[in-house]
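Quick notes on the structure that follows.
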Ligand code: ADP
Ligand code: ASP
Ligand code: MG
């Protein structure tokens, strides 16, 4: 039997009724002759609540216990989904990550999947089971501890299963009917894309478009998984949603294909560090050792041998970053006058493979923001993206005005 992977995100399993609705979709695919692997998220809001409990209990928590707590939301939905399917006379059972087992690295709270042996589940399919419901977002480390894959990680579970089981397709069911030119909740002029290239989706995801977890796109690209994003609330149809595919499959696209934003980015400034060889290593070495993901970096002009160094990192890593830098200062490895964390910023990015061959995108972006009176605090560019850090209060305005400026509402 061909295998199909269907993933349901938090909103799609938020209530027992919605689980029933999702189960009906699964039953439709079973009726078509598929063996289905269903990956479920926790009910919406559940993971946030669990993370909140961990933070309240222990701000600089032991990541192994964080994973033990936050992985639990998915266990509930996996069992409920299996029960719902059984009630519909569809032979189904649930699996937690460790039971499959989904083998991951030991990088707790952001583990990577290393291997998914298929024999367990395949044996059950062989015995007539039709649906394997697997708890997303979780796995087991070589040490035998429960791990999680980072926020949004059920997408990655889904794509990894699709690759491991050579699935015909991986359908990601969510609360929007596809990938849009920007988050439709921020800009109502956003347009749904029928197709988007892996590369552009990868950039959009890593720059904040949380419709797919970055790692899931990476895996889909590497293992050539046919990946589709669609709504669990719309009527089933073969042409629904957005297909994430190779660049060659897309006939035409705009220079900029999407705008992403992230409000989870903080701007950190080290004031008055020595302007000497090795200073960047002395700052970013300890940050890297502490697991801080630094994105944008600027070093200001030096005056009298001292300079300011600014970088951005995820908001939830600010405390770790501060600790790492203060520890380095206390150890005499680094000297600075002050460390200022600005969490009132947002990162706005324009993404498009057309930027490789067309210049002027950056200029247009800066002009647009300037026309709106929005000050740019930090800039970063790469081959197919331009990102800027702005005051968070301008986030929506920046996204909308850039969407207009690049005429993304037009195909
Ligand atoms: P799920 O719980 O199903 O995993 P998520 O909340 O993780 O859903 O992702 C879906 C959300 O992603 C949408 O509700 C939308 O607000 C947001 N989003 C951000 N950027 C985009 C985009 N470019 N296209 C579609 N959705 C986007
Ligand atoms: N429940 C997890 C989260 O909210 C994983 C997921 O939904 O993909 O991040
Ligand atoms: Mg998600």
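Numbering (this note's numbering), first residue to last: 123 to 533. Here a beta-carbon is modelled for each residue, glycine too, at the ideal position from N, C-alpha and C.
C-alpha distance - residue i paired with residue j, whole-angstrom precision
{"i": "residue 494", "j": "residue 420", "result": "24 Å"}
{"i": "residue 266", "j": "residue 239", "result": "16 Å"}
{"i": "residue 213", "j": "residue 202", "result": "14 Å"}
{"i": "residue 143", "j": "residue 206", "result": "10 Å"}
{"i": "residue 141", "j": "residue 488", "result": "45 Å"}
{"i": "residue 126", "j": "residue 320", "result": "20 Å"}
{"i": "residue 156", "j": "residue 506", "result": "38 Å"}
{"i": "residue 134", "j": "residue 164", "result": "10 Å"}
{"i": "residue 325", "j": "residue 333", "result": "12 Å"}
{"i": "residue 512", "j": "residue 241", "result": "50 Å"}
{"i": "residue 391", "j": "residue 208", "result": "56 Å"}
{"i": "residue 289", "j": "residue 309", "result": "34 Å"}
{"i": "residue 527", "j": "residue 490", "result": "7 Å"}
{"i": "residue 424", "j": "residue 380", "result": "36 Å"}
{"i": "residue 313", "j": "residue 529", "result": "10 Å"}
{"i": "residue 139", "j": "residue 377", "result": "42 Å"}
{"i": "residue 481", "j": "residue 224", "result": "44 Å"}
{"i": "residue 407", "j": "residue 328", "result": "22 Å"}
{"i": "residue 217", "j": "residue 343", "result": "26 Å"}
{"i": "residue 434", "j": "residue 394", "result": "17 Å"}
{"i": "residue 253", "j": "residue 124", "result": "12 Å"}
{"i": "residue 186", "j": "residue 247", "result": "33 Å"}
Contact check, residue i vs residue j, beta carbons under 7 Å
{"i": "residue 261", "j": "residue 269", "result": "yes"}
{"i": "residue 349", "j": "residue 366", "result": "yes"}
{"i": "residue 169", "j": "residue 131", "result": "no"}
{"i": "residue 504", "j": "residue 469", "result": "no"}
{"i": "residue 418", "j": "residue 521", "result": "no"}
{"i": "residue 183", "j": "residue 173", "result": "no"}
{"i": "residue 271", "j": "residue 331", "result": "no"}
{"i": "residue 193", "j": "residue 228", "result": "no"}
{"i": "residue 294", "j": "residue 129", "result": "yes"}
{"i": "residue 301", "j": "residue 364", "result": "yes"}
Residue environment, residue i, which counts as buried when at least 16 other CB atoms sit within 10 Å
{"i": "residue 389", "result": "buried"}
{"i": "residue 337", "result": "buried"}
{"i": "residue 534", "result": "Residue 534 lies beyond the range of the chain shown here (123 to 533); nothing can be said about it."}
{"i": "residue 322", "result": "buried"}
{"i": "residue 296", "result": "buried"}
{"i": "residue 167", "result": "exposed"}
{"i": "residue 472", "result": "buried"}
{"i": "residue 231", "result": "buried"}
{"i": "residue 147", "result": "buried"}
{"i": "residue 189", "result": "buried"}
{"i": "residue 427", "result": "exposed"}
{"i": "residue 384", "result": "buried"}
{"i": "residue 450", "result": "buried"}
Simplified DSSP state of residue i, which is helix, strand or coil
{"i": "residue 431", "result": "strand"}
{"i": "residue 123", "result": "coil"}
{"i": "residue 267", "result": "coil"}
{"i": "residue 503", "result": "strand"}
{"i": "residue 313", "result": "coil"}
{"i": "residue 487", "result": "helix"}
{"i": "residue 408", "result": "helix"}
{"i": "residue 233", "result": "coil"}
{"i": "residue 206", "result": "helix"}
{"i": "residue 513", "result": "strand"}
{"i": "residue 460", "result": "strand"}
{"i": "residue 172", "result": "helix"}
{"i": "residue 188", "result": "helix"}
{"i": "residue 335", "result": "coil"}
{"i": "residue 289", "result": "coil"}
{"i": "residue 244", "result": "helix"}
CB-CB length for residue i against residue j, believed under 8 Å
{"i": "residue 306", "j": "residue 386", "result": "The Cβ separation is near 19 Å, so there is no contact."}
{"i": "residue 255", "j": "residue 215", "result": "7 Å"}
{"i": "residue 496", "j": "residue 461", "result": "With a Cβ gap of about 26 Å, residue 496 and residue 461 do not count as contacting."}
{"i": "residue 162", "j": "residue 258", "result": "6 Å"}
{"i": "residue 465", "j": "residue 440", "result": "7 Å"}
{"i": "residue 445", "j": "residue 371", "result": "In fact, because the Cβ distance is near 46 Å, the residues do not count as touching under 8 Å."}
C-beta neighbour in chain C for residue i, strict 7 Å
{"i": "residue 356", "result": "No chain C appears in this structure, which consists of one protein chain only."}
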